[in-house]
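FYI, in mature numbering (1 follows the signal peptide of the UniProt record, and there is no 0) the residues of the sequence shown are -16 to -1, 1 to 344.
Don't be surprised by glycine CBs; every beta carbon is placed ideally from N, CA and C.
This one's a predicted model, so the numbers in the text were calculated from it and none came from an experiment.
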Amino acid sequence: MIYKLIFSAILCLVKCDDEVFDYIVVGSGPGGSIAALELARRGFTTLLIEAGSNISNNNITTPGLGTRTWDDESIAWNFRVDYNDHSPDKRKNVLYPRASAIGGCANHNGMANLFPRAHGFDRLVEATGDPSFGESTFAKYFESILLDSPPPTDPKIDRRFLTLSTDKLSGVKEDPKDKYIGKAIEEAVAHETAHQTANDKLAIGTAENEFESHYFIPNNIDRKVTPPVRRGPRRAVNEELAKNPKLTVWTESLVTKIILEGNVAKGVEYMPGAHLYRASPVARRENKAAPAIKKVYARKEIVVSGGTFNTPQIMMLSGIGDSNELKALGIEPKVHLPGVGKNLRDHIEVGVIWELNSDY
């Protein structure tokens, strides 16, 4: 009995040296950041833990410079996708850029907002056997986002998409020649679409057929400020952090494992430091020694929102996944879930670029 008490006291001392929150949210991308903000607003002490830094620069804030962020080493995580296609005509190891910073990939994506087609939700329901993955569930969340904005001033803009900017094209530079080209593109597109956006064709509950044409894409550009800037969760996180003591944000903290007690997640292990993940070009160049592992605990739940690749990776490093694969990697299996790390459905987007014979 005395031994048990002493052991419990030692365990308490170890855990009490680490901080404890109600909730821990891993990853500050569009999903994780919003989850953390809503939890903190409801009075829960919430830790938002992010591997990248809280950075802002012209590449991030300027609409249209998303491709520059792919080469911005301050936030870049350069994944390479191997399609395992044996055709000699197919390119292998295609760059799949990701962003590591407060706001996640909202710092470098194309800012386009499209509601998914219905059959995508149907596949999720079929794969999981869970009807809560159906289109109607996510449609309610999508509609709730739209209720946060005032009614549109332009009657041509669909009520369902009024929070998304659907203005006509606008140039980055105030160059007369740019305006002429932009106007020509606007007129050509508007003539065919009558001011439709792509979401008008991807209407909730009706998107069953393929379609091809020219459409304005609803986007995340904030035109309420001058000059217009990229709109994303980074600004929302910083604004909430300044006024809400329930929210704590740790940057440059790379989560390596979920701490499990039985089948219950109790906390996470992490390494403090900048550019530790090997997908970062800075990490590969500097090749630093790994810092000591630290721990942080949650009273209630751990929300893992590390993105398409890092969420399953964190789960697998924690022993959650296909037991045979984990054993082969020297990882002790904790929960046998063979679907973890599989079934990614995505495609690489290819931009169409015109080269002119002269400067206009």
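Inter-residue CB distance, residue i and residue j (contact presumed, cutoff 8 Å)
i, j, result
"residue 214", "residue 45", "6 Å"
"residue 92", "residue 102", "With a Cβ gap of about 29 Å, residue 92 and residue 102 do not count as contacting."
"residue 304", "residue 318", "6 Å"
"residue 19", "residue 287", "5 Å"
"residue 85", "residue 33", "In fact, because the Cβ distance is near 13 Å, the residues do not count as touching under 8 Å."
"residue 8", "residue 280", "6 Å"
"residue 298", "residue 239", "6 Å"
"residue 294", "residue 36", "No, residue 294 and residue 36 are not in contact; Cβ-Cβ is about 11 Å, not under 8 Å."
"residue 109", "residue 100", "Contact doesn't hold; Cβ gap of about 13 Å is too wide."
Residue burial classification, residue i (beta-carbon count within 10 angstroms, cutoff 16)
i, result
"residue 338", "exposed"
"residue 24", "buried"
"residue 226", "exposed"
"residue 237", "buried"
"residue 289", "buried"
"residue 330", "exposed"
"residue 254", "buried"
"residue 55", "exposed"
"residue 252", "buried"
"residue 210", "exposed"
"residue 15", "buried"
Three-way DSSP call (helix, strand, coil) for residue i in this model
i, result
"residue 96", "strand"
"residue 234", "strand"
"residue 77", "coil"
"residue 30", "strand"
"residue 9", "strand"
"residue 213", "strand"
"residue 240", "strand"
"residue 37", "strand"
"residue 206", "strand"
"residue 47", "coil"
"residue 91", "helix"
"residue 101", "coil"
"residue 253", "strand"
"residue 190", "Summary for residue 190: the model assigns pLDDT 42, below 50, so the residue's position carries little reliability; its value from the coordinates is reported in the next sentence. Three-state DSSP puts residue 190 in coil, outside helix and strand."
"residue 62", "strand"
"residue 119", "helix"
"residue 127", "helix"
"residue 3", "coil"
"residue 245", "strand"
Close Cβ partners of residue i (< 8 Å) along its chain, the five nearest in sequence each way excluded
i, result
"residue 196", "Any reading at residue 196 needs caution, since the residue's pLDDT is 49, under 50, leaving its predicted position unreliable; the model's value is listed next. Around residue 196: no qualifying Cβ."
"residue 27", "230"
"residue 274", "255 and 260"
"residue 224", "21, 24, 25 and 231"
Close-in-space but distant-in-sequence residues of the same chain around residue i (CB under 7 Å, 5 per side omitted)
i, result
"residue 248", "none"
"residue 62", "79, 81, 263 and 265"
"residue 296", "324 and 325"
"residue 316", "303"
Close Cβ partners of residue i (< 6 Å) along its chain, the five nearest in sequence each way excluded
i, result
"residue 234", "33"
"residue 216", "87 and 90"
"residue 221", "17 and 86"
"residue 320", "307"
"residue 269", "none"
"residue 43", "49, 52, 53 and 56"
"residue 105", "118 and 119"
Below-7 Å beta-carbon distance, residue i vs any chain B residue
i, result
"residue 323", "Here chain B cannot be found, since the structure has a single protein chain."
| task | Go through the stretch 259 to 338 residue by residue and report every complete run of the alpha helix (DSSP H) that reaches 4 residues or more, in order. | result | The alpha helix (DSSP H) runs of length 4 or more contained entirely in the stretch 259 to 338 are, from start to end of the chain, 265 to 270, 291 to 301 and 307 to 312.
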